[in-house]
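Its first residue numbered 1, the sequence shown is counted upward by one per residue in my numbering.
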Amino acid sequence: MKKRKAELLFCGAVVSLALAGCKNEPLKMIVGTYTDECASRGVYSYFFDQEKGMLVDDAEEGRFEEAPGAVGRVEMRNPSYLTLSADGKFVYAVSEVGDSTASAVTLRLDAKTGEMRLLGSELTDGKDPCYISTNGSIVMTANYSSGNVTEFPIGDDGRLLPHDFLYETGLGGPDSTRQNLPHAHCALFNAAGTEVYVSEFSADAVTRYDVATRQGKIIQLSSDFGPRHIILNGDESKAYVLGELSGNISVIDTESDRVIQTVCADTVHARGSADIHLSPDGKFLYASNRLQNDGIAIFKVDSDGTLTYTGYQNTGIHPRNFNITPNGKFLLAACRDSGCIQIFRRDAKNGLLSDTGRTIVLDKPVCIKFW
Numbered sequence: 001m002k003k004r005k006a007e008l009l010f011c012g013a014v015v016s017l018a019l020a021g022c023k024n025e026p027l028k029m030i031v032g033t034y035t036d037e038c039a040s041r042g043v044y045s046y047f048f049d050q051e052k053g054m055l056v057d058d059a060e061e062g063r064f065e066e067a068p069g070a071v072g073r074v075e076m077r078n079p080s081y082l083t084l085s086a087d088g089k090f091v092y093a094v095s096e097v098g099d100s101t102a103s104a105v106t107l108r109l110d111a112k113t114g115e116m117r118l119l120g121s122e123l124t125d126g127k128d129p130c131y132i133s134t135n136g137s138i139v140m141t142a143n144y145s146s147g148n149v150t151e152f153p154i155g156d157d158g159r160l161l162p163h164d165f166l167y168e169t170g171l172g173g174p175d176s177t178r179q180n181l182p183h184a185h186c187a188l189f190n191a192a193g194t195e196v197y198v199s200e201f202s203a204d205a206v207t208r209y210d211v212a213t214r215q216g217k218i219i220q221l222s223s224d225f226g227p228r229h230i231i232l233n234g235d236e237s238k239a240y241v242l243g244e245l246s247g248n249i250s251v252i253d254t255e256s257d258r259v260i261q262t263v264c265a266d267t268v269h270a271r272g273s274a275d276i277h278l279s280p281d282g283k284f285l286y287a288s289n290r291l292q293n294d295g296i297a298i299f300k301v302d303s304d305g306t307l308t309y310t311g312y313q314n315t316g317i318h319p320r321n322f323n324i325t326p327n328g329k330f331l332l333a334a335c336r337d338s339g340c341i342q343i344f345r346r347d348a349k350n351g352l353l354s355d356t357g358r359t360i361v362l363d364k365p366v367c368i369k370f371w
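So, in structure tokens, the structure goes:
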């Protein structure tokens, strides 16, 4: 009996150590950049310590001269938005260019080393793709300048196949300069992958498409809203839509498809709101603003899903994108025109941010993904 008890204690210790190791294992971090007229050359991979809020200690400083600390790189033009497969083996990236060469690209990611390699590329038949997402069987890109959304099947080997469907967005917004042509800025799948939410920037609307039938329901937003990015809460009862032009966030009840609240995220009305995310526990929402008073607005998520303004954190120049570590301890802001990713500590109790003073040097970073 004593021997059996000792064996059980030993096994328990091994399991505890294994779990501890998993907890402290560095995150894989993938970063997309703009590459035209700057030092960056494509997609970069890193290992990030989410307990310390910094790149891992043994990062190779000199591997890529333009990206200290990066462990992998794939050269491509303007990979401005990325998404990962659920198993972390593949990265899908857009090549944001405004002509017929615009494409969606498949990369293979080595989770152990962080190295990546190019597997293939497919044309989007849409200009300036700026968003990409997947449900595991298909990938969609939102093509800003042509105002359409492209659907790509995924092959058995993980590569994208030629597209087989295009969704078109509409017009209707009052801004004669920025809404004079159709623009699509987001195509977000729900967790089940059965629906996709498309932001129709120039129509001041979100369209909720059924993936199987390819039929959509339009959810109208306020005039001059300019919907950019969309997120869903954990149980998908609410959708939060950030308006680039209005600087507002609209809360949509997904059962009724009605807007139940609109709050201001950009008090200076610079018409440059950019990205939106929930904290991992769903208790706080963050939205970034550009062009003036660059920074991140912070909101508490109330029990009914509505938002209460909590505070504001200034950032570097042009925080086009940001992300929060899975443990919720740090927020990383891709400050495009400051040439760095800023690292902020996040207070889990009140949601507020504080600048750690640490940055990751990289020219024109515009998308951060963790896995």
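Quick reminder that beta carbons are idealized off the backbone N, C-alpha and C, glycines included. From a predicted model like this one, the values you see are computed outputs, not experimental measurements.
So which of the options has the shortest CA-CA distance to residue i?
i, options, result
"Ser85", "Val43, Ile138, Glu51", "Ile138"
"Arg108", "Asp125, Phe90, Lys52", "Phe90"
"Thr254", "Val268, Ser273, Tyr197, Phe284", "Tyr197"
"Thr315", "Asp347, Ala239, Asp302, Leu291", "Leu291"
"Gly72", "Gly53, Lys28, Val94", "Lys28"
"Ile298", "Thr359, Thr306, Asn289, Thr310", "Thr310"
"Gly243", "Ser288, Lys217, Leu278", "Ser288"
"Gly158", "Gly120, Glu151, Ser303, Asp347", "Gly120"
"Thr306", "Val241, Ser103, Gln313, Ser45", "Val241"
"Asp164", "Ala192, Leu123, Thr83", "Leu123"
"Ile296", "Asp304, Asn321, Ser303", "Asn321"
What does residue i pair with, by DSSP beta-bridge criteria?
i, result
"Gly328", "Gly328 is not bridged to any residue."
"Arg73", "Tyr44"
"Arg208", "Tyr197, Lys217"
"Asp49", "Met54"
"Cys335", "Pro319, Cys340"
"Thr308", "Lys300"
What distance in whole Å lies between the Cβ atoms of residue j and residue i, which are believed to be in contact at a cut-off of 8 Å?
i, j, result
"Thr141", "Asn78", "The Cβ separation is near 13 Å, so there is no contact."
"Lys300", "Gly234", "The Cβ separation is near 16 Å, so there is no contact."
"Asn280", "Pro326", "The displayed chain sequence assigns Pro, not Asn, to residue 280. The pair is a contact, with the Cβ atoms about 6 Å apart (cut-off 8 Å)."
"Ile343", "Phe330", "6 Å"
"Tyr167", "Tyr209", "7 Å"
"Val206", "Glu195", "Not really, about 11 Å apart at Cβ, beyond 8 Å."
"Ala184", "Gly147", "5 Å"
"Phe201", "Gly226", "5 Å"
Around the Cβ of residue i, are there at least 16 other Cβ atoms within 10 angstroms (buried) or fewer (exposed)?
i, result
"Ser354", "exposed"
"Ser246", "buried"
"Arg258", "exposed"
"Thr169", "buried"
"Lys127", "buried"
"Ala334", "buried"
"Pro182", "buried"
"Glu96", "buried"
"Pro174", "exposed"
"Pro162", "exposed"
"Asn143", "buried"
"Lys364", "buried"
Those runs of the beta strand (DSSP E) which lie wholly inside the stretch 97-162 and span at least 3 residues: 103-109, 116-123, 129-134, 138-143, 148-153
Within the stretch 261-299, ranges of the alpha helix (DSSP H) (whole runs, at least 4 residues): none
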